[in-house]
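Scroll down for the structure; my scribbles are underneath it.
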Amino acid sequence: MLQDTNDRLSPEPGPGTIEIAYVKRRARGAEHKHRRVRDGGIGTPGGLVRNLIEVTAFTRQSVSSDCLWLYYYTGRKQLRAGIGHPHQLVDRWTAGHGIVDDDGEPHRLVLSRPRKTHKALWYLKTEGHMARFAIGHTPEIAACHYADIPSLRPLHEATVAEAFSEVAAAAGPIVLAPDDQDSWRLSEAASEGNSDVDVLLDGEQDVWLAACLGFDRSPFGDGGAPCPQPFWGCLECRNAVITARKMPAIIAFLRFIKEQRAGLSAADWAMKFGRAHDRIVGQVLPAFPESVIAEAVARRRGMPFICRRRPG
Numbered sequence: 040m041l042q043d044t045n046d047r048l049s050p051e052p053g054p055g056t057i058e059i060a061y062v063k064r065r066a067r068g069a070e071h072k073h074r075r076v077r078d079g080g081i082g083t084p085g086g087l088v089r090n091l092i093e094v095t096a097f098t099r100q101s102v103s104s105d106c107l108w109l110y111y112y113t114g115r116k117q118l119r120a121g122i123g124h125p126h127q128l129v130d131r132w133t134a135g136h137g138i139v140d141d142d143g144e145p146h147r148l149v150l151s152r153p154r155k156t157h158k159a160l161w162y163l164k165t166e167g168h169m170a171r172f173a174i175g176h177t178p179e180i181a182a183c184h185y186a187d188i189p190s191l192r193p194l195h196e197a198t199v200a201e202a203f204s205e206v207a208a209a210a211g212p213i214v215l216a217p218d219d220q221d222s223w224r225l226s227e228a229a230s231e232g233n234s235d236v237d238v239l240l241d242g243e244q245d246v247w248l249a250a251c252l253g254f255d256r257s258p259f260g261d262g263g264a265p266c267p268q269p270f271w272g273c274l275e276c277r278n279a280v281i282t283a284r285k286m287p288a289i290i291a292f293l294r295f296i297k298e299q300r301a302g303l304s305a306a307d308w309a310m311k312f313g314r315a316h317d318r319i320v321g322q323v324l325p326a327f328p329e330s331v332i333a334e335a336v337a338r339r340r341g342m343p344f345i346c347r348r349r350p351g
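According to the numbering used here, the sequence shown holds residues 40 to 351 in order.
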């Protein structure tokens, strides 16, 4: 429902657009709305409204109304303003077009459903940006009624999973496949002027599962103090750099934590080794070629289960 003829279409706020003023009665306390839409041919919102105004101009001389929809109602043989009994009109339209459901019965079209489908497509187009998505609604209504719907749930769950994966990856070690070591060596040395990169990659700062960027600068302890974490804490530390040289130790530790399942309850094992297991299986091993993994498996046979806590 539009306010009046003059306020329906205001001067263009931008090329190819128009601002429409309308009344939304169910938005109590904020009924008067303004919305900028595309304006051009009849296939655009602005063009459609212009066409409706033009075709009803003569009738408005007989019926004084500020409603957009003005028509001749055959049921009572009179001119009417505004749409009354919309369900009857929709049912008549679906019947007239032969639209049926899966059982061949006349389809009961509920207008709120295609509206949500349209909103879901707009949500995807705006990439969930609430300020752009919530057009004609408050952000709360847009989020609860049009964004939180079953068809968008897989997208939301995938986004949350991706965010958690990024956080988990950022909190873990730097994993360098053989092909990446040279480029990492050059980029680190160039960006930070770090002369210790060669020492690090050559093994002079190795602990048992990784090379260590700062054994006395651990994010888990006080500056200047030795790292307080157990040796598998390297798998959750950004100071750690895992290269192919450490793969035999990684494979040996993976074998060890799998063997611990026999002596621990599932809950105790998950609490103690679950994160380390997932990090090795999900992030470390997939970063290396199968040939490197195979060589590490061969080398780790007979490797004693020992660890060094300090570099050197």
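Even for Gly, the Cβ is constructed at its ideal location relative to N, Cα and C.
Values in this document were obtained by computation on a predicted structure and should not be read as measured data.
* Asked: Start and end of the alpha helix (DSSP H) containing A309?
  -> For the purposes of this step, residue 309 is taken as residue 270 along the sequence shown, with counting starting at 1. Unbroken run through A309: none, as it is neither H nor E.
* Exposed or buried, what is A229 when buried is set at 16 or more other beta-carbons lying within 10 Å of its beta-carbon? -> For this step, residue 229 is matched to residue 190 along the sequence shown. At A229 the pLDDT is 47, less than 50, meaning the model places this residue with poor confidence; the figure from the coordinates comes in the next sentence. Its Cβ having fewer than 16 others within 10 Å, A229 is exposed.
* Asked: Considering only the beta carbon of each residue, do C273 and V246 sit closer than 8 Å?
  -> Your numbering for residue 273 matches position 234 in the sequence shown. Your numbering for residue 246 matches position 207 in the sequence shown. Contact flag set, yes.
* **Backbone secondary structure at V199 - three-state DSSP** => Sequence index remark: in the sequence shown, residue 199 carries index 160 (1-based). Helix at V199.
* Quick one: Cα of Y111 to Cα of Q117, how far? -> Sequence index remark: in the sequence shown, residue 111 carries index 72 (1-based). Sequence index remark: in the sequence shown, residue 117 carries index 78 (1-based). C-alpha separation (whole angstroms): 6 Å.
* Can the beta-carbon of A304 be found closer than 8 Å to that of N278? -> Counting from one through the sequence shown, the residue named residue 304 turns up at place 265. Counting from one through the sequence shown, the residue named residue 278 turns up at place 239. Checking the displayed sequence, the identity of residue 304 turns out to be Ser instead of Ala. No, the Cβ-Cβ distance between S304 and N278 is not below 8 Å.
* For G175, which option in Q244, V76, E329, V336 has the closest C-alpha, if you only look at C-alpha atoms? -> Here residue 175 refers to the residue found at position 136 of the sequence shown. Considering only alpha carbons, the answer is V76.
* To do: Report buried or exposed for Q244, applying the criterion of at least 16 other Cβ atoms within 10 angstroms of its Cβ.
  => Residue numbering aside, residue 244 sits at position 205 when the sequence shown is read from its first letter. Label assigned to Q244: buried.
* **Supposed close pair A250, V280 - CB separation, criterion 8 Å** => Counting from one through the sequence shown, the residue named residue 250 turns up at place 211. Counting from one through the sequence shown, the residue named residue 280 turns up at place 241. Right, the Cβ-Cβ distance comes to about 4 Å (below 8 Å), so this counts as a contact.
* To do: List the endpoints of the continuous beta strand (DSSP E) containing H73.
  => In the sequence shown, counting from the first residue as 1, residue 73 sits at position 34. Note, H73: beta strand (DSSP E), 71-77.
* Sort T282, I81, L91 by Cα distance to I319 and report the nearest one. => Stepping through the sequence shown from its first residue, residue 319 is reached at position 280. Among T282, I81, L91, the Cα nearest to that of I319 is on T282.
* How many whole angstroms separate the CB atoms of G79 and G55, which I take to be in contact at a CB cut-off of 8 Å? -> For the purposes of this step, residue 79 is identified with residue 40 of the sequence shown, where counting begins at 1. For the purposes of this step, residue 55 is identified with residue 16 of the sequence shown, where counting begins at 1. Yes, G79 and G55 are in contact; Cβ-Cβ is about 6 Å, under 8 Å.
* Asked: With distances taken from CA atoms, which of H316, D317, K285, A159 is nearest A335?
  -> Translated into the one-based positions of the sequence shown, residue 335 becomes position 296. Comparing Cα positions, the closest option is K285.
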